[in-house]
Amino acid sequence: MTLLRWLALVLGLALLASRAEAIEVKEVTTPLGIKAWLVEDRSTPVVALSFSFPSGSAGDPENRTGLTSLTASLLTDGAGTLDAQAFKRRQEDASVSLGFGASLDHVGGSLRLLSAHRDEAFELLRLAVSEPRFDPERIEQRRSQMIVGLSQADQRPAAVAQRTLMATLFAGHPYGANPLGTKEDLQAVTAEQIRERAASVLTRNGLIVAAVGDIDAAELSRQLDRAFGGLPAGAVRADLPGWTSPSRPRTVTLERAAPQSAVLIALPAIPRDDPDWHAAVVLAHILGGGQQSRLFTEVREKRGLAYSVSASLRTQRKASLLVISTGSAGEKVPDTLRVIKSELVRLREGATEQELAEARTYLSGSLALLLDSSGSVANLLHGLQVDRQPPDYLDRRAALIGAVKAEDVRRVARRLLREEAMTTVVVGKPPAAAGPAAEP
Amino acid sequence: MRRRAALGGLLAGALLTPRASALAGLLQVNRRPSESFVLPNGLQVVVLPSHRAPIVTQMLVYKVGSADETFGQTGIAHFLEHMMFKGTGTLAAGELSRTVARHGGRDNAFTDFDMTGYHQTIAADRLELVMRMEADRMVNLRILDGELRPERQVVLEERRMRVDNVPSELLDEAARELLFGVHKPYSMPTAGYADDVKKLGVAELAAFYRRFYAPNNAALIVAGDTTAEAVRKLAEKYYGPIPARRVEPRKRPAEGGADLPQRVVRADARVPEPRWSRDFLAPSYRVGETRYAHALQVLTRLFGGSETSRLSRALVARDRIALSARSGYGSASLGLTSFEIAVQPARGRSVAEVEAAVGEQMKMVFDGGVTAEEVERAQNQLLAAAIYSQDSLASGPRLYGSVLATGGSIAQIDGWPQAIAAVRPEDVVAAARHVWRDEGAVTSLLTPAEGWK
Numbered sequence: 001m002t003l004l005r006w007l008a009l010v011l012g013l014a015l016l017a018s019r020a021e022a023i024e025v026k027e028v029t030t031p032l033g034i035k036a037w038l039v040e041d042r043s044t045p046v047v048a049l050s051f052s053f054p055s056g057s058a059g060d061p062e063n064r065t066g067l068t069s070l071t072a073s074l075l076t077d078g079a080g081t082l083d084a085q086a087f088k089r090r091q092e093d094a095s096v097s098l099g100f101g102a103s104l105d106h107v108g109g110s111l112r113l114l115s116a117h118r119d120e121a122f123e124l125l126r127l128a129v130s131e132p133r134f135d136p137e138r139i140e141q142r143r144s145q146m147i148v149g150l151s152q153a154d155q156r157p158a159a160v161a162q163r164t165l166m167a168t169l170f171a172g173h174p175y176g177a178n179p180l181g182t183k184e185d186l187q188a189v190t191a192e193q194i195r196e197r198a199a200s201v202l203t204r205n206g207l208i209v210a211a212v213g214d215i216d217a218a219e220l221s222r223q224l225d226r227a228f229g230g231l232p233a234g235a236v237r238a239d240l241p242g243w244t245s246p247s248r249p250r251t252v253t254l255e256r257a258a259p260q261s262a263v264l265i266a267l268p269a270i271p272r273d274d275p276d277w278h279a280a281v282v283l284a285h286i287l288g289g290g291q292q293s294r295l296f297t298e299v300r301e302k303r304g305l306a307y308s309v310s311a312s313l314r315t316q317r318k319a320s321l322l323v324i325s326t327g328s329a330g331e332k333v334p335d336t337l338r339v340i341k342s343e344l345v346r347l348r349e350g351a352t353e354q355e356l357a358e359a360r361t362y363l364s365g366s367l368a369l370l371l372d373s374s375g376s377v378a379n380l381l382h383g384l385q386v387d388r389q390p391p392d393y394l395d396r397r398a399a400l401i402g403a404v405k406a407e408d409v410r411r412v413a414r415r416l417l418r419e420e421a422m423t424t425v426v427v428g429k430p431p432a433a434a435g436p437a438a439e440p
Numbered sequence: 441m442r443r444r445a446a447l448g449g450l451l452a453g454a455l456l457t458p459r460a461s462a463l464a465g466l467l468q469v470n471r472r473p474s475e476s477f478v479l480p481n482g483l484q485v486v487v488l489p490s491h492r493a494p495i496v497t498q499m500l501v502y503k504v505g506s507a508d509e510t511f512g513q514t515g516i517a518h519f520l521e522h523m524m525f526k527g528t529g530t531l532a533a534g535e536l537s538r539t540v541a542r543h544g545g546r547d548n549a550f551t552d553f554d555m556t557g558y559h560q561t562i563a564a565d566r567l568e569l570v571m572r573m574e575a576d577r578m579v580n581l582r583i584l585d586g587e588l589r590p591e592r593q594v595v596l597e598e599r600r601m602r603v604d605n606v607p608s609e610l611l612d613e614a615a616r617e618l619l620f621g622v623h624k625p626y627s628m629p630t631a632g633y634a635d636d637v638k639k640l641g642v643a644e645l646a647a648f649y650r651r652f653y654a655p656n657n658a659a660l661i662v663a664g665d666t667t668a669e670a671v672r673k674l675a676e677k678y679y680g681p682i683p684a685r686r687v688e689p690r691k692r693p694a695e696g697g698a699d700l701p702q703r704v705v706r707a708d709a710r711v712p713e714p715r716w717s718r719d720f721l722a723p724s725y726r727v728g729e730t731r732y733a734h735a736l737q738v739l740t741r742l743f744g745g746s747e748t749s750r751l752s753r754a755l756v757a758r759d760r761i762a763l764s765a766r767s768g769y770g771s772a773s774l775g776l777t778s779f780e781i782a783v784q785p786a787r788g789r790s791v792a793e794v795e796a797a798v799g800e801q802m803k804m805v806f807d808g809g810v811t812a813e814e815v816e817r818a819q820n821q822l823l824a825a826a827i828y829s830q831d832s833l834a835s836g837p838r839l840y841g842s843v844l845a846t847g848g849s850i851a852q853i854d855g856w857p858q859a860i861a862a863v864r865p866e867d868v869v870a871a872a873r874h875v876w877r878d879e880g881a882v883t884s885l886l887t888p889a890e891g892w893k
């Protein structure tokens with residue numbers, strides 16, 4: 001039995017398949033002190049690595065939004081003696097996929113390689129994080145691409161809604177700034193600022209690594225020390241400021257010439273370490289977690305108001321949200337909002353035992369479906385470390401979800417589903433301009 | 441123009457025996473065996489065992505898609521796909537998905553030009569459950585007016601989200617009409633024209649269902665923690681009793697929309713930056729000069745398939761005419777397909793500059809050919825992608841489904857690595873000469889409201 005298979009079993013399929021086995025995600029500490037989680041699986045000659053550095057776009061300096069994203073995108077645009085073309089060519093010749101990106105709290109990277117090219121793949125990773133070149137012409141190209149991307153995003157209702165939601169909720173907080181920057185800020189970024197940002201982000205302090213696939217602990221140790229060992233330890237970073245969640249309802253409406261309006265509703269949620277966390281996961285699933293959810297049934301199936309409607313928890317280091325997302329033709333938006341709100345009120349009374357039981361089995365089993373590939377397992381293990389969970393969390397998760405009772409769901413529903421804390425964003429044609437519905 | 445995902449290059453389950461020595465390093469792959477058989481009622485079954493995790497994926501692909509519709513009833517294949525999640529004699533509306541979720545699984549469906557697919561991923565010991573329900577809705581679907589009406593609104597919202605809200609998709613609709621001809625199989629949108637969708641009712645959907653949904657017009661692919669023997673037993677039990685039905689052969693034109701160069705422009709206030717693309721009518725594995733299908737996969741890889749491709753090197757890295765430049769080709773199609781070149785110009789560059797630069801790169805292929813080294817690198821990349829795809833459980837069913845639904849065979853999938861490795865530089869040039877012709881090619885410009893110089 002492969003380790004992926006073990007992993008699947010403890011992730012909840014054991015409940016269904018009645019085959020339980022102990023799982024041990026190996027914790028690897030290299031001679032240079034780099035820590036990693038490893039799941040060894042020899043069934044395909046592929047290794048996937050998911051890693052991150054603990055400072056993201058929320059660490060952009062004032063008036064330089066987008067700096068961290070720009071910096072991350074340039075890491076694979078040439079390093080050491082290799083210019084961008086030479087670097088990409090080495091990547092392609094060894095069939096190595098390597099990419100970096102910034103989220104609010106992290107600069108993350110992923111590496112995927114064929115075992116036959118292991119040394120070359122980790123050498124390219126080493127070059128990217130320790131000797132990036134930041135050649136002027138590549139900076140200009142990436143900068144232009146980002147600026148074009150911004151104006152394109154500004155025309156997509158869903159992207160505008162997302163941006164507006166964050167700006168509204170986090171006004172005055174680093175999370176309120178666009179991780180992809182503004183045109184003015186991006187134009188002002190200098191090569192020196194990119195180098196400084198890279199130097200402050202790319203350190204061993206807080207580095208998180210998950211590896212999956214055709215590699216053992218000793219070899220992983222050796223390769224991680226090669227790739228990351230040359231990085232400075234790094235200083236302890238200043239913490240981000242805290243966030244005060246809204247205490248009154250707000251609705252922001254932006255007009256765009258789009259036949260379908262994008263709708264986002266956000267409620268402050270609870271942090272990952274709150275004792276009610278797993279009850280909140282169950283609640284979000286019952287509310288909008290799939291085709292059996294209340295929102296799907298009421299908004300889509302019964303009324304045909306939207307094609308997609310869902311609810312999910314989003315956690316950052318300093319904030320946690322429950323976000324409901326949907327899209328309706330402009331004239332249907334008022335109805336859609338009315339139905340969603342009444343479902344929030346109704347769920348405050350709690351879920352049925354049947355809904356609860358179905359949510360439990362789904363949430364236990366569905367995690368195992370994430371074991372589609374080495375890369376998806378690496379992402380899962382990386383995410384658990386970001387959430388500060390121990391490696392044996394996988395053993396315990398099914399039990400934690402299984403222990404959620406009806407009264408827990410009702411309690412957390414009353415904590416979360418509060419109309420007075422609701423922020424609503426609608427981007428599209430307002431109902432008056434959109435005209436009457438085509439069909440009753 | 442994105443007509444479909446280019447699946448031709450991602451082949452799982454393939455035995456790699458390439459010719460070039462540089463490919464040797466990629467040979468450390470064990471063959472993933474596939475087993476296949478046909479039930480007496482004509483249902484084709486493929487089993488792709490993989491025992492990494494105790495999960496299975498069932499995919500049932502019907503050999504019918506939006507290209508089998510007639511003008512006036514566009515969107516019917518997709519609308520029917522939505523209604524397949526409603527009830528049968530024994531399943532209530534939505535019960536199939538609810539049951540899958542209750543057992544910790546996931547399900548979904550998709551409609552494409554040539555195929556309609558339904559799939560579930562679930563714990564391996566629940567395969568029987570999903571097979572019973574999938575077989576049930578192959579013959580027992582009940583389409584009720586009360587359920588169809590709200591679902592029609594859902595379908596129209598999906599079209600708004602995917603097409604009407606996206607200017608490039610609206611341009612693609614117009615470009616397809618020029619490339620393939622007005623009201624032709626591949627020019628009518630999969631989502632349907634909104635006016636048609638509003639008119640579709642129970643009678644039309646039921647007739648389409650009876651016409652195309654039959655075991656002899658479908659392929660079943662099961663991947664994951666199971667065996668051919670187990671799948672055969674279950675398939676015989678649940679799909680076996682469903683009688684075959686006469687299904688008319690599907691028709692696809694052997695010609696495109698026009699024999700002159702075509703141009704289509706969409707100036708849209710929602711578009712902030714212009715975009716240029718050109719589509720050429722191209723052979724697929726099935727129609728046209730099919731012998732070029734593999735060489736075209738190598739051509740698109742080396743010409744515009746990566747950041748070190750010819751287009752990227754010249755237009756992006758060297759001349760700064762473009763922010764990105766790429767090409768695309770999908771070979772799995774029942775009819776003709778397209779070879780696309782797409783450019784996101786750099787600020788301040790003109791249409792003329794972009795067209796001249798692309799034209800120069802095409803001419804260099806015609807006049808100077810392509811090098812053996814370039815071809816080998818492209819082959820390596822295609823084969824590496826195939827190895828990576830073996831690392832994913834989801835990729836096998838997708839690949840087999842798209843090949844089988846477009847008239848391909850398992851032998852074709854098994855032979856793909858050899859066919860790719862056998863492509864020579866002169867084949868690539870010949871394929872380029874065959875496809876890159878001005879006659880019938882469609883140039884699409886997406887521009888801001890005020891246009892593009």
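Taken in order, these protein sequences are the chains called A and B.
Using the working numbering, the first residue of the first sequence is number 1, and each one after it goes up by one.
Using the working numbering, the first residue of the second sequence is number 441, and each one after it goes up by one.
Built from N, CA and C at the ideal position, the CB exists for glycine as well.
Does any CB atom of chain B fall closer than 8 Å to the CB of residue i?
i: residue 478 (chain A); result: Here chain A has residues from 1 to 440 only, and residue 478 (chain A) is not among them.
i: residue 436 (chain A); result: Low confidence applies here, because residue 436 (chain A) scores a pLDDT of 44, under 50, leaving its location unreliable; read the following figure in that light. No, no contact with chain B.
i: residue 219 (chain A); result: no
i: residue 72 (chain A); result: no
i: residue 186 (chain A); result: no
i: residue 407 (chain A); result: no
i: residue 446 (chain A); result: Chain A is shown from 1 up to 440; residue 446 (chain A) falls before or after that span and cannot be answered.
i: residue 328 (chain A); result: yes
Would you mind working out which of the options sits nearest residue i, comparing C-alpha positions?
i: residue 698 (chain B); options: B:644, B:619 and B:675; result: B:619
i: residue 248 (chain A); options: A:232, A:267 and A:239; result: A:267
i: residue 72 (chain A); options: A:146, A:154, A:422 and A:261; result: A:146
i: residue 786 (chain B); options: B:779, B:830, B:797 and B:478; result: B:797
Taking DSSP as the reference, what is the three-state secondary structure of residue i?
i: residue 836 (chain B); result: helix
i: residue 552 (chain B); result: coil
i: residue 200 (chain A); result: helix
i: residue 751 (chain B); result: helix
i: residue 864 (chain B); result: coil
i: residue 661 (chain B); result: strand
i: residue 562 (chain B); result: strand
Is residue j closer than 8 Å to residue i when the C-beta atoms are compared?
i: residue 343 (chain A); j: residue 294 (chain A); result: yes
i: residue 523 (chain B); j: residue 588 (chain B); result: yes
i: residue 39 (chain A); j: residue 409 (chain A); result: no
i: residue 845 (chain B); j: residue 555 (chain B); result: yes
i: residue 776 (chain B); j: residue 847 (chain B); result: no
i: residue 77 (chain A); j: residue 86 (chain A); result: no
Mind checking if residue i is an interface residue toward chain A, Cβ cutoff 8 Å exclusive?
i: residue 586 (chain B); result: no
i: residue 647 (chain B); result: no
i: residue 473 (chain B); result: no
i: residue 828 (chain B); result: yes
i: residue 763 (chain B); result: yes
i: residue 877 (chain B); result: no
i: residue 710 (chain B); result: yes
i: residue 820 (chain B); result: yes
i: residue 523 (chain B); result: no
Can you tell me the Cβ-Cβ gap for residue i and residue j, rounded? I've got them flagged as a contact below 8 Å.
i: residue 157 (chain A); j: residue 258 (chain A); result: 5 Å
i: residue 425 (chain A); j: residue 161 (chain A); result: 5 Å
i: residue 333 (chain A); j: residue 261 (chain A); result: 5 Å
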